[in-house]
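To start, the structure under review is shown below, and the notes come after it.
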Amino acid sequence: MHAEQQELSRSLQEKFSLVLPEGLSEEELLLMLEQRISSLIERNAEEFFQLMYRIDIPEKQLHEVLGKPDALQVLAKLIFDRQLDKARSRLKYKSYFENNNTDDELKW
Numbered sequence: 000m001h002a003e004q005q006e007l008s009r010s011l012q013e014k015f016s017l018v019l020p021e022g023l024s025e026e027e028l029l030l031m032l033e034q035r036i037s038s039l040i041e042r043n044a045e046e047f048f049q050l051m052y053r054i055d056i057p058e059k060q061l062h063e064v065l066g067k068p069d070a071l072q073v074l075a076k077l078i079f080d081r082q083l084d085k086a087r088s089r090l091k092y093k094s095y096f097e098n099n100n101t102d103d104e105l106k107w
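For the sequence shown, numbering that gives the first Met the number 0 gives the first residue as 0, with consecutive numbering after it.
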């Protein structure tokens, strides 16, 4: 789980230009993410939508969420969950290639 948290933190720091202290709880991380999302939407909505596209948040789902009173909380959780899924996937396949003697040609 620790490797997942590190990968998730790295990803969120990179995508959202966040500085995340070590030992941050999920709730604290979600709150920081909410604040950053709010800032992005207010500053440059187009940049926000481009970022959501790159993170792979479906546009339909995004528009449904934006109409809700708790939109920032829901968006933060969607982003958190999506980035966590990606972190798990990266670690899974990284581990697979490290543990299997595959041809160097197959390694990316």
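Backbone N, C-alpha and C fix where the C-beta goes; we use that ideal spot for every residue, glycine too. Please read these numbers as outputs of a predicted model, since none were measured by experiment.
Report task. May I have the straight-line CA-CA distance separating L23 from G66, to the nearest angstrom? Result -> Here residue 23 refers to the residue found at position 24 when the sequence shown is read from its first residue. Here residue 66 refers to the residue found at position 67 when the sequence shown is read from its first residue. Each residue's Cα considered, the two are about 29 Å apart.
Query raised in the report: In terms of residues, what are the limits of the alpha helix (DSSP H) holding V18?
Result: On the sequence shown, position 19 is the one that residue 18 refers to. That residue, V18, is in no alpha helix (DSSP H); it is neither H nor E in DSSP.
Query raised in the report: Does the beta-carbon distance from L29 to A86 come in below 8 Å?
Result: The residue given as residue 29 occupies position 30 in the sequence shown. The residue given as residue 86 occupies position 87 in the sequence shown. Taking 8 Å as the Cβ cut-off, L29 and A86 do not qualify as a contacting pair.
Query raised in the report: Are the beta-carbon atoms of R35 and F15 separated by less than 8 Å?
Result: Counted from its first residue, the sequence shown places residue 35 at position 36. Counted from its first residue, the sequence shown places residue 15 at position 16. In this structure, F15 lies closer than 8 Å to R35 by Cβ.
Query raised in the report: Roughly how many angstroms separate the alpha carbons of D69 and L77, rounded to a whole number?
Result: As a working mapping, residue 69 is identified with position 70 in the sequence shown. As a working mapping, residue 77 is identified with position 78 in the sequence shown. Answer to the nearest angstrom: the Cα atoms are 12 Å apart.
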